[in-house]
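**Student:** Below you'll find the structure I mean.
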Amino acid sequence: MLTLHAHAVVRFFGANAAVAPLAVAYLRARLISAPAYLGAMVANGAFRGFQDTKTPLAVGLLANVMNLILYPLLIYGAGMGVAGAGIATAVGQITAGACLFVLLLRKRRLRLADLLRRPRLLEILPLLKTGAVLSVRTLSIFTTISFATATAAKLGTVEVAAFEIGRQIFALFARLLDAISVAAQSLVALALGQRNFKRARLTAMRLLQVGVLMGCAFVALLTLGAAGAPGLFSRDPAVIAAVRRTFPVMALVQPINGLVFVLDGIFTAGRKFGFLAGAIFLACAASSSALLWVRTGGLSLQAVWLGLNLMMVLRATFLMAGLFSRWTPVPQRDPDADEPAPVVA
Numbered sequence: 001m002l003t004l005h006a007h008a009v010v011r012f013f014g015a016n017a018a019v020a021p022l023a024v025a026y027l028r029a030r031l032i033s034a035p036a037y038l039g040a041m042v043a044n045g046a047f048r049g050f051q052d053t054k055t056p057l058a059v060g061l062l063a064n065v066m067n068l069i070l071y072p073l074l075i076y077g078a079g080m081g082v083a084g085a086g087i088a089t090a091v092g093q094i095t096a097g098a099c100l101f102v103l104l105l106r107k108r109r110l111r112l113a114d115l116l117r118r119p120r121l122l123e124i125l126p127l128l129k130t131g132a133v134l135s136v137r138t139l140s141i142f143t144t145i146s147f148a149t150a151t152a153a154k155l156g157t158v159e160v161a162a163f164e165i166g167r168q169i170f171a172l173f174a175r176l177l178d179a180i181s182v183a184a185q186s187l188v189a190l191a192l193g194q195r196n197f198k199r200a201r202l203t204a205m206r207l208l209q210v211g212v213l214m215g216c217a218f219v220a221l222l223t224l225g226a227a228g229a230p231g232l233f234s235r236d237p238a239v240i241a242a243v244r245r246t247f248p249v250m251a252l253v254q255p256i257n258g259l260v261f262v263l264d265g266i267f268t269a270g271r272k273f274g275f276l277a278g279a280i281f282l283a284c285a286a287s288s289s290a291l292l293w294v295r296t297g298g299l300s301l302q303a304v305w306l307g308l309n310l311m312m313v314l315r316a317t318f319l320m321a322g323l324f325s326r327w328t329p330v331p332q333r334d335p336d337a338d339e340p341a342p343v344v345a
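Numbering (full-length UniProt numbering), first residue to last: 1 to 345.
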């Protein structure tokens, strides 16, 4: 469906006549790998459930190395331009999906017979319920970021190019922070499963500290790299200048991003999916409202990033409040704490 309506999708995001053909070519190339990408995401979750993070890491590195090799070959060597970039990314995702599927079979985490067996409704209802709640979370974030992209596109070609560079850097930091989120999902869930709530609390607090420290490190990287880093992504002086102006705004929110990713992992470990989705939905709604104000007022690219940062600030606020409320995923008392002390005669 997206392939057939690629032009409409690109127009929705505000691409002008110069950018639209390139965006359509890239979108259609990337869509080749959509089934494999979804399969890879499921396989990643399966390996995480077995507390195996090394296998997805190795496969991810393989896919990225393949991307790095194919990018220059297809973009410049084959003269495919933007479409070549999309195909290179698609090949990497297909490779990752295929490798993870084969490794699930080889490690006996999955049997082909299970794929052929028709699941019973009672087996899939809990998955559908959780999936529906988490879909609210995913769609809220996707919609907000997409609206931010469309807002930047309305400001002009230079602004949308600068925004995309910033978004890629933001995504890189998010990938690194996601490692801490995965650790929270695994370690906190393990402690909760053992009903060792003290360990779960200590683990959660320590990971929150690590997340903030990583965010502070990203602030330093953005501050030190503001002069030279934008030139690695573009040769256009106007785009480089626009990226440099947004770096301080991006840097401000990085420690909060560290909190948010760890909190996501903690709430996921505690299976508080409803609270997590609700908090993210409200944060994204507020952020989208701010972006709408930026869009109608024709404000600067820095204002777009401030509107997007609002989503992260509110997510951190809501989730931190939830962590110390009755909806907490990590109980504040151990099971024995509520038992009355024995009476000694």
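Think of the CB as a built atom: it goes at the ideal place given N, C-alpha and C, for glycine as much as any other residue.
In this structure, how does DSSP classify Pro119 when only helix, strand and coil are distinguished?
**Tutor:** Pro119 falls in the coil class under three-state DSSP.
**Student:** For Leu61, which of Asn309, Gly228, Val239, Arg175 has the nearest alpha-carbon?
**Tutor:** Considering only alpha carbons, the answer is Arg175.
**Student:** For the putative contact between Glu159 and Ala242, defined by C-beta atoms under 8 Å, what is the C-beta separation to the nearest angstrom?
**Tutor:** Indeed they touch by this definition, with Cβ atoms about 6 Å apart.
**Student:** For Ala226 and Lys129, I'd like the C-alpha separation in whole angstroms.
**Tutor:** Straight-line Cα distance between these residues: approximately 44 Å.
**Student:** Is the separation between the beta-carbon of Arg295 and that of Thr95 shorter than 8 Å?
**Tutor:** It is not a contact, given that the beta carbons lie outside the stated cut-off.
**Student:** Report yes if the C-beta distance between Phe197 and Asn257 is below 8 Å; otherwise report no.
**Tutor:** Not in contact: Phe197 and Asn257 (Cβ atoms no closer than 8 Å).
**Student:** Whose C-beta lies closer than 8 Å to the C-beta of Tyr71 among residues of the same chain, with five residues either side of it excluded?
**Tutor:** Excluding sequence neighbours, Tyr71 sits near Gly84, Ala85, Ala88.
**Student:** Cβ of Leu310 within 8 Å of Cβ of Ala286?
**Tutor:** Cβ atoms of Leu310 and Ala286: closer than 8 Å.
**Student:** Give, in chain order, every unbroken run of the alpha helix (DSSP H) that is at least 4 residues long and sits entirely within the stretch 246–332.
**Tutor:** Taking only runs of at least 4 residues, the alpha helix (DSSP H) segments lying wholly in the stretch 246–332 are 254–269, 273–297, 301–323.
**Student:** Express the C-alpha separation of Leu73 and Gly81 in angstroms, rounding to a whole number.
**Tutor:** Answer to the nearest angstrom: the Cα atoms are 10 Å apart.
**Student:** Count the other CB atoms within 10 Å of the CB of Ala58; is the residue buried (16 or more) or exposed (fewer)?
**Tutor:** Classification for Ala58: exposed.
**Student:** Touch check for the stretch 315–334 and the stretch 180–199: three-plus C-beta pairs under 8 Å?
**Tutor:** Yes, since at least three Cβ pairs between the stretch 315–334 and the stretch 180–199 fall closer than 8 Å, the two stretches touch.
**Student:** Under 8 Å, with one C-beta from each stretch per pair, do the stretch 263–279 and the stretch 106–120 reach the 3-pair mark?
**Tutor:** No, because fewer than three Cβ pairs between the stretch 263–279 and the stretch 106–120 fall closer than 8 Å, the two stretches do not touch.
**Student:** When you compare each of Asp52, Leu100, Phe281, Val188 to Ala43 by their alpha carbons, which one comes out closest?
**Tutor:** It is Leu100.
**Student:** Counting along the chain, where does the alpha helix (DSSP H) carrying Thr223 start and finish?
**Tutor:** Per DSSP, Thr223 belongs to the alpha helix (DSSP H) from 197–225.
**Student:** Under a Cβ-count criterion, where at least 16 other Cβ atoms within 10 Å of its own Cβ denotes burial, should Ser135 be classed as buried or exposed?
**Tutor:** Exposed, by the Cβ-count rule.
**Student:** Excluding sequence positions up to five away, which residues of its chain have a Cβ less than 6 Å from the Cβ of Lys272?
**Tutor:** Same-chain partners within the cutoff: Pro329.
**Student:** How many Å lie between Val343 and Leu104 at the Cα?
**Tutor:** Per-residue confidence for Val343 stands at a pLDDT of 45, beneath the threshold of 50, marking its modelled position as unreliable; the derived number appears in the next sentence. For Val343 and Leu104, the distance between alpha carbons rounds to 54 Å.
**Student:** In chain order, what are the residue ranges of uninterrupted alpha helix (DSSP H) at least 4 long that sit wholly in the stretch 32–100?
**Tutor:** Correct list: 34–49, 54–72.
**Student:** Measuring only the C-alpha atoms, how far is Leu213 from Arg315?
**Tutor:** In a straight line, the C-alpha of Leu213 is about 18 Å away from that of Arg315.
**Student:** So for Thr3, helix, strand or coil by DSSP?
**Tutor:** Coil.
**Student:** Would you decide whether Met250 is buried or exposed? Buried here means 16 or more other CB atoms lie within 10 Å of its CB.
**Tutor:** Buried.
**Student:** According to the neighbour-count rule (16 or more other Cβ atoms, all chains shown, within 10 Å of its Cβ), is Ile280 buried or exposed?
**Tutor:** Counting Cβ neighbours within 10 Å, Ile280 comes out buried, since at least 16 surround it.
**Student:** For the structure I just gave you, are there three or more beta carbon pairs, one from the stretch 3–14 and one from the stretch 139–158, closer than 8 Å?
**Tutor:** Segments in contact, yes.
**Student:** Quick one, are the C-beta atoms of Ile180 and Leu221 less than 8 Å apart?
**Tutor:** Against a cut-off of 8 Å, the Cβ pair of Leu221 and Ile180 comes out as no contact.
**Student:** Between which two residues does the alpha helix (DSSP H) harbouring residue 348 extend?
**Tutor:** Look at the range of the chain in this structure, 1 to 345, and you will see that residue 348 is not part of it.
**Student:** Measure the alpha-carbon distance for Pro35 versus Arg48 and round it to whole angstroms.
**Tutor:** So the two alpha carbons sit approximately 20 Å from each other.
**Student:** Measuring only from the beta carbon, is Gly270 closer than 7 Å to any heavy atom that is part of the ligand NAD?
**Tutor:** Absence of the ligand NAD is noted for the structure shown, with no ligands found whatsoever.
**Student:** Check whether the Cβ atoms of Gly307 and Ala283 sit closer than 8 Å, and answer yes or no.
**Tutor:** No, they are not a contact pair.
**Student:** Since Gln302 and Thr223 are thought to touch, with beta carbons under 8 Å apart, how far apart are those beta carbons, to the nearest angstrom?
**Tutor:** Contact doesn't hold; Cβ gap of about 16 Å is too wide.
**Student:** Report the three-state DSSP secondary structure of Leu110 (helix, strand or coil).
**Tutor:** Residue state, collapsed to three classes: coil.
**Student:** Report buried or exposed for Trp293, applying the criterion of at least 16 other Cβ atoms within 10 angstroms of its Cβ.
**Tutor:** Trp293 comes out exposed.
**Student:** Mind checking Ile69: buried by the 16 CB within 10 Å criterion, or exposed?
**Tutor:** Exposed.
**Student:** I'd like the list of long-range same chain contacts for Arg109, defined as Cβ closer than 7 Å, with 5 residues on each side in sequence excluded.
**Tutor:** Cβ within range, chain order: Ala46, Phe50.
**Student:** Pick out whichever of Gly92, Lys154, Leu187, Val313 has its Cα sitting closest to the Cα of Tyr37.
**Tutor:** Checking every option, the nearest Cα to that of Tyr37 belongs to Gly92.
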